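Numbering (the numbering used here), first residue to last: 226 to 458.
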């Protein structure tokens with residue numbers, strides 16, 4: 226039966242090939258979302274090897290955190306921008322899981338990431354999530370969790386206010402629009418936990434700052450920050 230199903234998959238792939246979200250080429254049978262070439266050529270930051278990295282510096286003096294990291298560099302026109310665009314706007318939720326999975330393999334044996342208790346993705350407002358059909362940061366978190374074997378929570382941090390697009394706003398404007406947007410639920414369940422707060426792209430860090438500020442109201446909580454991509458200036 227498995228052989229027949231495999232033949233059927235091959236037949237379907239002839240007419241409806243799955244394409245790489247990074248370069249658009251047809252994927253091979255053992256490839257998922259990204260081809261081997263795109264994975265090999267991802268512009269990795271290697272921030273996990275240096276605690277004093279650019280992502281960490283983004284948040285210095287803004288709120289207390291344990292670690293900050295990002296997997297790859299985001300630049301206008303690069304492969305990562307295409308992957309993120311496909312994830313957010315072209316219904317390619319599986320690419321978020323794949324990027325999270327790849328990131329997980331990169332950091333799974335790094336000592337400073339060994340004591341995490343829970344992963345919390347930056348939430349979308351319920352209306353925005355219904356429109357998109359999924360939360361891209363949640364997809365990333367799920368892929369990361371599948372490798373690190375850490376639970377993901379989508380119920381403790383909620384977005385209660387729908388904010389306008391952040392793209393053209395300054396860091397201050399982004400923070401001002403976001404600072405009252407998030408709500409903590411069932412806070413006692415995450416007391417004394419080390420939380421990894423994850424987003425798709427770290428740009429000004431204003432959204433992550435607003436989320437972290439809300440979470441830090443919980444008793445004895447510790448926060449680490451990660452993004453799949455870091456916007457390189």
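Using N, Cα and C, we set each Cβ at its ideal position, and we do this for glycine too. Owing to the predicted nature of the structure, the values given are computational and were not obtained by experimental measurement.
By the beta-carbon neighbour count (other beta carbons within 10 angstroms, threshold 16), residue 430 is buried. Per DSSP, the continuous alpha helix (DSSP H) segment holding residue 372 begins and ends at 361-373. With contact defined as three or more Cβ pairs closer than 8 Å, the region 309-319 and the region 327-347 are not in contact. Distance between residue 344 and residue 420, taken at the CA atoms: about 6 Å.
In the DSSP assignment, residue 330 falls outside any beta strand (DSSP E) and within the unbroken alpha helix (DSSP H) covering 318-332. Contact annotation: the region 265-276 touches the region 300-310, with at least three C-beta pairs closer than 8 Å. Closest in alpha carbon position to residue 354, among 437, 423, 245 and 384, is 384. CA-to-CA, the gap between residue 262 and residue 405 works out to about 42 Å. Three or more Cβ pairs drawn from the region 411-425 and the region 436-451 lie within less than 8 Å of each other, which places the two stretches in contact. Here the alpha carbon of residue 432 sits roughly 25 Å from the alpha carbon of residue 371. In the DSSP annotation of this structure, residue 440 is not part of any beta strand (DSSP E); the continuous alpha helix (DSSP H) holding it starts and ends at 431-440. In the three-state reduction of the DSSP assignment, residue 412 falls in the helix class. For residue 357, the uninterrupted alpha helix (DSSP H) run begins and ends at 351-357, by DSSP. Residue environment for residue 270: buried (at least 16 other C-beta atoms within 10 angstroms of its C-beta).
With a cutoff of 9 Å on beta-carbon distance, residue 365 and residue 322 are scored as near each other. Proximity to residue 336 across 273, 426 and 287 peaks at 273, based on C-alpha coordinates.
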